[in-house]
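S.K.:
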Amino acid sequence: MRSEYTAIAHPNIAFIKYWGNRDDALRLPLNGSISMNLSGLESRTTVQFDEALEHDTFELNGEFQSSASLQRVSQFLDYVRRLVGSTSYARVSSTNNFPTGAGIASSASAFAALALAASKAAGLDLDQKDLSRLARLGSGSACRSVPDGFVEWLPGKDDASSYAVSIAPKDHWGLVDAVAVVSQEHKPIGSTSGHKLAHTSPLNAQRVLDAPERLKNCRDALLERDFAGFADVVELDSNYMHAVMRTSNPPLVYWEPATEVLLWQVWQWRKQGHAVCATVDAGPNVHVLALANERDWLQKALLELPGVKNVLIGEPADGARLVD
Ligand code: DP6
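If you count the sequence shown from 1, position 133 lands on 401 in my numbering, and the numbers rise without skipping.
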């Protein structure tokens, strides 16, 4: 049996967001979510279990990690060890080709790639559903980076029923995500802590209650390639999540002044007839979703706006896969 495996996975951008858990340990979400995998941006992870190791090691972008991030990887490897009844530690080495911790969901691609490389290195051959369930235990949104293209996370009721499925292949719709990066700093409050605050917002119950309607509207718009309907529901859902964040106790405010300027500008462009809309994750960067024919002028125009340091372009991408 080969003992070292390398996998690639892409981050994903959620059109309908995951925010808040019914079960934090199992990462069972309060509501379903819909996303698109992003090409161009990727995590590449190699795992090797080795009986001679005295503890797990985790190298990220060439630097050995200690404390929190090593602990999170180690805890995840415990799930894999439990599945095969092994006690071997592992060597994990990972690279991201995009900034970590700046609202570009590095944990999604990281745990999707880790789930695939680690399960293979441990001798498992999981089907897509079980791989998605495993990735979810590392980071909720990682379960959506396992299947191809446009993806829906079925919230489920328990560990067995909470996983993501592809709802359309990557070539279904020519969307681009132009990520206007306004900050590359690590965000002060990560999603894992943020999810725990969702329940403290008086708006959260309503957000969860009408999530099925937004999921349906988003799924329908996506399948019918209806950009106007898509833009409405994507912006509603993002604003709803940030309203919950801002009304949590303590409040979570991820936006920076440049975020507001970008959102305002995207709305102006749409009013002028451009097929663009915006969504923001747990960070200040603005994901501008657009039809592919808007890509070139959009990238240039975003770079000219105040506070925009860089624009990353993602297109619909495949899910997690092994590298030879
Ligand atoms: C705002 O999946 O990063 O990006 O499970 O704690 O790792 P953990 O949280 P994570 O949360 C993602 C939150 C979001 C919305 C989304 O991607 O759906």
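Using N, Cα and C, we set each Cβ at its ideal position, and we do this for glycine too. Note that this is a predicted model, so its numbers are computed, not measured.
With which residues is residue 436 paired in a DSSP beta bridge?
M.R.: 418
S.K.: Once DSSP output is grouped into helix, strand and coil, what is the label at residue 552?
M.R.: coil
S.K.: Using DSSP bridges, identify the partner residues of residue 317.
M.R.: Answer is 358, bridged to residue 317.
S.K.: Nearest CA to the CA of residue 440: which residue from 276, 456 and 490?
M.R.: 490
S.K.: What I want to know is whether the C-beta of residue 459 ends up closer than 6 Å to one or more non-hydrogen atoms of the ligand DP6.
M.R.: Yes; taking the cut-off as 6 Å, the Cβ of residue 459 has a heavy atom of the ligand DP6 nearer than that.
S.K.: Would you please verify whether the beta carbon of residue 320 is less than 7 Å from any beta carbon of chain D?
M.R.: No chain D appears in this structure, which consists of one protein chain only.
S.K.: Buried or exposed, going by whether 16 or more other CB atoms sit within 10 Å of the CB of residue 461?
M.R.: Under the 10 Å beta carbon count, residue 461 is surrounded by fewer than 16 other beta carbons and is classified as exposed.
S.K.: Going by DSSP, name the residue or residues bridged to residue 302.
M.R.: Partner(s): 284 and 420.
S.K.: To the nearest angstrom, report how far apart residue 348 and residue 584 are at their CA atoms.
M.R.: 29 Å
S.K.: If we ignore side chains and look at the alpha-carbon of each, how far apart do residue 423 and residue 342 end up?
M.R.: Rounded to whole angstroms, residue 423 to residue 342 spans 25 Å at the Cα level.
S.K.: Out of 579, 588 and 296, which one is the CA nearest neighbour of residue 425?
M.R.: 296
S.K.: Given this structure, state the Cα-to-Cα distance separating residue 521 from residue 514, to the nearest angstrom.
M.R.: 6 Å
S.K.: Taking DSSP's pairing of strands, which residues face residue 448 in a bridge?
M.R.: By DSSP's assignment, residue 448 forms a beta bridge with 554 and 579.
S.K.: Leaving out five residues before and five after residue 434 in sequence, what residues of the same chain have Cβ atoms less than 6 Å from its Cβ?
M.R.: 415, 416, 417 and 419
S.K.: Flag residue 407 as yes when its Cβ comes closer than 6 Å to any non-hydrogen atom of the ligand DP6, and as no otherwise.
M.R.: yes
S.K.: Does DSSP put residue 515 in a helix, in a strand, or in coil?
M.R.: coil
S.K.: Residue 273 and residue 385 look like a contact to me (Cβ under 8 Å); what is the Cβ gap, rounded to whole Å?
M.R.: Taking the Cβ atoms as the reference, residue 273 lies roughly 5 Å from residue 385, within the contact range of under 8 Å.
S.K.: Run the proximity test for residue 431: is its beta-carbon closer than 6 Å to any non-hydrogen atom belonging to the ligand DP6?
M.R.: no
S.K.: Under 7 Å between the Cβ atoms of residue 313 and residue 374?
M.R.: no
S.K.: Measuring only from the beta carbon, is residue 295 closer than 6 Å to any heavy atom that is part of the ligand DP6?
M.R.: In this structure, the C-beta of residue 295 approaches the ligand DP6 to less than 6 Å from one of its heavy atoms.
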